[in-house]
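**Student:** Okay, so the sequence shown: first residue is 0 according to numbering that gives the first Met the number 0, each after it adds one.
Structure below; questions to follow.
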Amino acid sequence: MKLVRKHWSNILIILVIILFTIPQTRTEIQIFVNRLLASTPAKIEVKDQKELTSYYWPLEDPYGRRKNLESSKNKVIFMNYWATWCPPCIAEMPDLEKLYQRYQDQVDFYFVTNDDPEKVRSFMNKHEYTFPIYFSTGKKPENLYSNSLPKTYVIAKDGKIVFDKTGTANWNSDRFTTVLDDLISE
């Protein structure tokens, strides 16, 4: 017992390494760690905010219904790029669902993925997520281009990109929702 107490940190590290090598537990551990490390992103300083110059971007939902980002001009937009195979993306989804439930009537949400539509439908049903999923069917606006996942943009009514976050974040925090409330009331 003394040996365990003396070397508990080494034992813990070895256990984590073993768990990461087992394929069935690796993704779940990565999701858990990402949730622990998620913090509230910072709003971009006004002088550094870029403006969305074109809203033209044809999209389609998993059921073939079409939508264009142009329909969200002069509205607050929450745009998230994600994938079903991306542990950091999956880690932030429970908070994103809560955010969507709270603001779905005040903010236009776009959750964009390149995954297979059937995989996406299955993933959404399994986790009981209700936020709107879209697939790009045309060229996205230049200011919304990214090679990273997850990637999230929040765009104010005037077209200014006020949040540009790569990686997992806590989007349902009081600090973020206060800023979102301000953007809605502008």
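Glycine residues also receive a C-beta, built at the ideal position from the N, C-alpha and C atoms.
Source: prediction; values computed, not measured.
Taking F175 as the reference, give the member of K97, W56 and S70 with the closest Cα.
**Tutor:** Here the question's residue 175 lines up with position 176 in the sequence shown. The candidate whose alpha carbon is nearest that of F175 is K97.
**Student:** So, are the CB atoms of D94 and W7 less than 7 Å apart?
**Tutor:** Locating residue 94 in the sequence shown gives position 95, counting from the first residue. Locating residue 7 in the sequence shown gives position 8, counting from the first residue. No.
**Student:** Closest to Y125 by C-alpha separation, out of Y99, V45 and I89, would be which residue?
**Tutor:** Residue 125 sits at position 126 when you count from the first residue of the sequence shown. Tyr is not the amino acid found at residue 125; the sequence shown has Lys there. Cα-wise, what sits closest to K125 is I89.
**Student:** Suppose you measure from the CA of P60 to the CA of L182; what does that come to, to the nearest Å?
**Tutor:** Numbered from its first residue, the sequence shown carries residue 60 at position 61. Numbered from its first residue, the sequence shown carries residue 182 at position 183. According to the sequence displayed, residue 60 carries Asp and not Pro. Going from the Cα of D60 to the Cα of L182 covers about 26 Å.
**Student:** Using the beta-carbon count (16 or more within 10 Å), is D163 buried or exposed?
**Tutor:** Taking the first residue of the sequence shown as position 1, residue 163 is located at position 164. By the neighbour-count rule (16 or more Cβ atoms within 10 Å), D163 is buried.
**Student:** Can you tell which of K49, Y128, G137 and Q100 has its C-alpha closest to the C-alpha of N67?
**Tutor:** For the purposes of this step, residue 67 is taken as the residue at position 68 of the sequence shown. The option with the nearest alpha carbon to N67 is G137.
**Student:** Can you check whether the CB of I160 is closer than 7 Å to the CB of K49?
**Tutor:** Taking the sequence shown and counting its residues from 1, one reaches residue 49 at position 50. Taking the sequence shown and counting its residues from 1, one reaches residue 160 at position 161. Their beta carbons are under 7 Å apart, which means K49 touches I160 by this criterion.
**Student:** Are at least three pairs of beta-carbons, each pair with one atom in the stretch 143-151 and one in the stretch 113-127, less than 8 Å apart?
**Tutor:** The answer is no - the stretch 113-127 does not touch the stretch 143-151, with fewer than three Cβ pairs under 8 Å.
**Student:** Which runs of the beta strand (DSSP E) at least 3 residues long sit entirely within the stretch 80-120? Give them in chain order.
**Tutor:** Segments of the beta strand (DSSP E) lying fully in the stretch 80-120: 107-111.
**Student:** Leaving out five residues on either side along the sequence, give the residues of the same chain with a beta carbon under 7 Å from the beta carbon of P57.
**Tutor:** For the purposes of this step, residue 57 is taken as residue 58 along the sequence shown, with counting starting at 1. Hits under 7 Å: R65, N67, T136 and G137.
**Student:** Give the DSSP-derived three-state secondary structure of N171 in the structure shown.
**Tutor:** For the purposes of this step, residue 171 is taken as residue 172 along the sequence shown, with counting starting at 1. Of the three classes helix, strand and coil, the one that applies to N171 here is coil, per DSSP.
**Student:** Just to confirm before moving on: does the CB-CB distance between Y99 and K72 stay below 7 Å?
**Tutor:** Position 100 of the sequence shown, counted from the first residue, corresponds to residue 99. Position 73 of the sequence shown, counted from the first residue, corresponds to residue 72. No, Cβ-Cβ distance for Y99 and K72 is not below 7 Å.
**Student:** Looking at T83 and D114, is the spacing between their C-beta atoms short of 7 Å?
**Tutor:** Here residue 114 corresponds to residue number 115 of the sequence shown, with the count starting at 1. Here residue 83 corresponds to residue number 84 of the sequence shown, with the count starting at 1. Yes; because the gap between Cβ atoms is below 7 Å, this pair is in contact.
**Student:** Taking D163 as part of the beta strand (DSSP E), name the residues at either end of that continuous run.
**Tutor:** Your numbering for residue 163 matches position 164 in the sequence shown. From DSSP, the beta strand (DSSP E) with D163 extends over I160 to T165.
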